[in-house]
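K.L.:
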Amino acid sequence: MKAKLAMTILGAYNTLMAIMMLTMPGTMGEQLVGAEKAASAPEMLEMGTMFHYGLAPALLMIGLMLILSRTAAIETAKQILLAYVIANAVLLGVFFGVFTNQDAIQFSPEMAAPDVIAFGLALFAYFKGK
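If you want my numbering, it's the position in the sequence shown, counting the first as 1, plus 163.
Pasting the structure below:
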């Protein structure tokens with residue numbers, strides 16, 4: 164697999180997620196805290212909404228950096244992919260180590276499936292990238 168292709172896919176995924184978070188943070192916030200909690204405790208919905216507003220610029224930055232660095236030399240591309248793998252490993256650790264033990268949010272493994280796939284793609288491209 165070409166590193167350029169992996170960086171394009173990962174960049175598009177992160178950029179798309181950022182756009183979704185900026186255009187529908189309330190919907191994503193409700194999914195994060197659950198409809199019942201959102202209805203009974205509006206401050207929980209507000210927390211979920213603000214979480215997505217805060218996360219969106221970071222994902223946009225990651226996505227754009229991946230897209231704009233697709234033409235980098237293979238050594239540089241692999242370093243960028245390695246940084247993505249390390250950061251994504253931390254993210255997955257937070258998802259499965261912290262979020263699953265919280266009553267405030269309704270996290271399920273299915274919610275992290277795209278991030279697990281992205282992690283696998285980045286790892287594969289790091290080791291097999293050309």
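Cβ atoms here follow ideal geometry from the backbone N, Cα and C, with glycine treated the same way. Model, not experiment: these values are computed from the prediction.
Here's a check: name, in chain order, each residue in its chain whose Cβ is nearer than 7 Å to the Cβ of residue 254, leaving out the five neighbours to either side.
P.N.:
Residue numbering aside, residue 254 sits at position 91 when the sequence shown is read from its first letter. 278, listed in sequence order.
K.L.:
Quick one: Cα of residue 241 to Cα of residue 257, how far?
P.N.:
Residue numbering aside, residue 241 sits at position 78 when the sequence shown is read from its first letter. Residue numbering aside, residue 257 sits at position 94 when the sequence shown is read from its first letter. For residue 241 and residue 257, the distance between alpha carbons rounds to 24 Å.
K.L.:
If I follow the unbroken alpha helix (DSSP H) through residue 192, where does it start and stop?
P.N.:
Position 29 of the sequence shown, counted from the first residue, corresponds to residue 192. Counting along the chain, the alpha helix (DSSP H) containing residue 192 begins and ends at 188 to 196.
K.L.:
Quick check on DSSP: helix, strand or coil for residue 256?
P.N.:
Against the sequence shown, residue 256 aligns to sequence position 93. Helix, per DSSP.
K.L.:
Please state if the CB of residue 170 and the CB of residue 218 are separated by a distance shorter than 8 Å.
P.N.:
Counting from 1 along the sequence shown, the entry for residue 218 is found at position 55. Counting from 1 along the sequence shown, the entry for residue 170 is found at position 7. No; because the gap between Cβ atoms is not below 8 Å, this pair is not in contact.
K.L.:
Helix, strand or coil, according to DSSP, for residue 261 in the structure here?
P.N.:
Taking the first residue of the sequence shown as 1, we reach residue 261 at position 98. Of the three classes helix, strand and coil, the one that applies to residue 261 here is coil, per DSSP.
K.L.:
Please list the terminal residues of the continuous alpha helix (DSSP H) segment that includes residue 164.
P.N.:
Position 1 of the sequence shown, counted from the start, is the residue given in the question as residue 164. Neither: residue 164 is in no alpha helix (DSSP H) and is coded neither H nor E.
K.L.:
What separation, rounded to the nearest whole angstrom, lies between the Cα atoms of residue 220 and residue 181?
P.N.:
The sequence position of residue 220 within the sequence shown is 57, counting from 1. The sequence position of residue 181 within the sequence shown is 18, counting from 1. Roughly 7 Å between the two C-alpha positions.
K.L.:
Please confirm if the stretch 232 to 249 is in contact with the stretch 200 to 209, defined as three or more CB-CB distances below 8 Å between the two stretches.
P.N.:
Output reads no: the stretch 200 to 209 does not touch the stretch 232 to 249.
K.L.:
When the cut-off is 8 Å and only beta carbons count, does residue 236 lie next to chain C?
P.N.:
Looking for chain C here will not work: only one protein chain is present.
K.L.:
Using only the alpha-carbon positions, how far apart do residue 187 and residue 267 sit?
P.N.:
As a first step, residue 187 is located in the sequence shown; it is residue number 24 there, counting from the start. As a first step, residue 267 is located in the sequence shown; it is residue number 104 there, counting from the start. Approximately 20 Å, taken between the alpha carbons.
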